[in-house]
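Colleague:
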Amino acid sequence: MPSSSGLRTDHSFIAIEDSMRLAAFLRSSFPVAVLSSCLLAGPAAAAQPDLTNTAAFDRTCTAVKRSVRMTVQEQQAFVICKDVALVQRIWTFIEQGSRDMSGRHIPHAEIALAVRAELTHARDQLRQSRQMLEKIRIRSQADGLLLMPATWVRDLDGDGEISHAERYFFAIPSRRDSPLTVQPPSNDRDYYEREYNLKAAVRTDQSDILWSLSYHYFAEALVEMALSYQYRDGAKADQAIFLAHPEGMRRAHQLLVRGIETSERMRLSVLAERDDDLEWLANPRQVNTAFPVPLDDDDFRVWGELMRHLVPLVRGRTVLPLGEKMSGSLAVVARVCPEGQGFSVPALFADPPMYPLASLKREAWSKYCRKIDASHPASGLNAFVQSYADKPGQTDSAAMRYLRRFLWVN
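Residue numbers (the numbering used here): 82 to 491.
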């Protein structure tokens, strides 16, 4: 599976970049979510969903339809097939759009409208998948569905041919403890033979449903944020992107909260598992797993501690102050607030900036600062991150190894 991928003030290509960022997200976290979607299933009545080879996958996705009386397996197959179709549509849109733009001028407003239409479609499809995931309850091993993602072959760019990159897009990377690397899909078959587990099989359980659900919350929130803003042709450069739908930002915040809370539910669910049958996300006592990164007891502990800081911060129960050694994106956010105050995440979503490209100065963000007091204590997130960074042996390579773990567990 994949990896992940600012914002330019050249507004002529901002709309295009929105779609590119979404595609990159699909190739990293969301394709992982697609894989996650993959991690869904349960027994069916007449024709049981079969996602273990290309022909059966095609038949299942052709047959599965949303209805009031769906089996657990049909619910999960519905999500997987819908997510794969969404990846195919977005990839095709980007590839065909790039070809259409080659050698001819397309008005910026026309590009913006096309991108917005695709983002709206993606948001609606993600919402349907997420709502289905919220209903799924795998109560026994018999409800789990056997999945072999490397067999899910699709013509993703719509050119009528299947490249190696398309053939193995849904394949799972081989399990190893290595740093995060970022690279585009490859057309080298040997690369997939060498770096991927092309025979990986997973039998889904409820923890996998939570894993997929949390990714769907995050992906839907990302698209909601993008759709909250629109492009306006002929406006000043720093006002070309403006807030058109503030309610979308509020929905995005709710989705982010639910995504983080679901991630913690997933962590606890995985730790409570006692079986060891073709696992996806596995606890340290489970060895029969295709999950690309091994997680030990310390990884689960650090993950839990991170959640204990993130949940109250995103909910607004704590605020983010500027720490002594704070750097990077945490510092950029916290530095807008004076001493004795901290940045409030819900405040940003409740009253988002009207013109984000004109809001690059510190003063524009000071309205999101709140006094640190008993009702809004300072978050311990920075201290937690710093305590980890100060540990012996925390090289850049070690940090990227940890980042790879956290991307895969969302």
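Cβ coordinates follow ideal geometry from the N, Cα and C atoms, glycine included.
Here's the rule I'm using: 16 or more other beta-carbon atoms within 10 Å means buried, otherwise exposed. How should arginine 485 be labelled?
Modeller: That one is buried.
Colleague: Helix, strand or coil for aspartate 236 per DSSP?
Modeller: In this structure, aspartate 236 counts as coil in the three-state DSSP scheme.
Colleague: Here's the rule I'm using: 16 or more other beta-carbon atoms within 10 Å means buried, otherwise exposed. How should proline 171 be labelled?
Modeller: Residue identity differs from the one stated: residue 171 is isoleucine in this sequence, not proline. Classification of isoleucine 171: buried, given that the 10 Å Cβ count is 16 or more.
Colleague: Quick check: threonine 343 and leucine 303, are their CB atoms within less than 9 angstroms of each other?
Modeller: Taking 9 angstroms as the Cβ cut-off, threonine 343 and leucine 303 do not qualify as a contacting pair.
Colleague: Between the Cα of glutamate 199 and the Cα atoms of Glu274, Lys146, Phe174, His186, which residue gives the shortest distance?
Modeller: Of the listed residues, the one whose Cα sits closest to glutamate 199 is Phe174.
Colleague: State yes or no: is the C-beta of glutamate 247 within less than 9 angstroms of the C-beta of aspartate 258?
Modeller: Cβ atoms of glutamate 247 and aspartate 258: not closer than 9 angstroms.
Colleague: Would you report the Cα separation of valine 395 and histidine 186, rounded to the nearest angstrom?
Modeller: If you take the alpha carbons of valine 395 and histidine 186, they lie about 42 angstroms apart.
Colleague: Residues bridged to valine 451 by DSSP?
Modeller: Checking the displayed sequence, the identity of residue 451 turns out to be arginine instead of valine. Gly423.
Colleague: Hey, methionine 347 and leucine 291 are a contact pair by Cβ (cut 8 angstroms); roughly how many whole angstroms apart?
Modeller: Between leucine 291 and methionine 347 the Cβ distance is about 4 angstroms, and since that is below 8 angstroms, they are a contact.
Colleague: Considering only residues of the same chain and omitting the five flanking positions on each side of alanine 333, which have a CB-CB separation below 6 angstroms?
Modeller: Contacts found: Ala302, Glu305, Met306.
Colleague: Is the separation between the beta-carbon of arginine 284 and that of leucine 362 shorter than 9 angstroms?
Modeller: No.
Colleague: Judging by CA-CA distance, which residue of Ala464, Ser244, Thr201 is the nearest neighbour of leucine 167?
Modeller: Nearest of Ala464, Ser244, Thr201 to leucine 167, Cα basis: Thr201.
Colleague: Using the C-alpha atoms, what's the distance from aspartate 139 back to histidine 390?
Modeller: About 43 angstroms.
Colleague: By the three-class DSSP mapping on this structure, what secondary structure does arginine 284 have?
Modeller: In this structure, arginine 284 counts as strand in the three-state DSSP scheme.
Colleague: Taking a contact to mean a Cβ-Cβ separation below 9 angstroms, would you say glycine 461 touches proline 427 in this structure?
Modeller: No, they are not a contact pair.
Colleague: For isoleucine 231, collect the residues of the same chain with a Cβ closer than 6 angstroms to its Cβ; drop the 5 residues on either side in sequence, then sort them by chain order.
Modeller: For clarity, residue 231 is alanine in the given sequence; the question names isoleucine instead. Excluding residues within five positions, the ones whose Cβ falls inside 6 angstroms are Ala252, Leu279.
Colleague: Looking at the structure shown, is proline 437 part of a helix, part of a strand, or coil, going by DSSP?
Modeller: Reduced to three states, the DSSP call for proline 437 is helix.
Colleague: Please identify the residue among Arg451, Pro130, Asp432 whose C-alpha is closest to the C-alpha of leucine 419.
Modeller: Reading off the sequence, residue 419 comes out as proline, not leucine. Per the Cα distances, Arg451.
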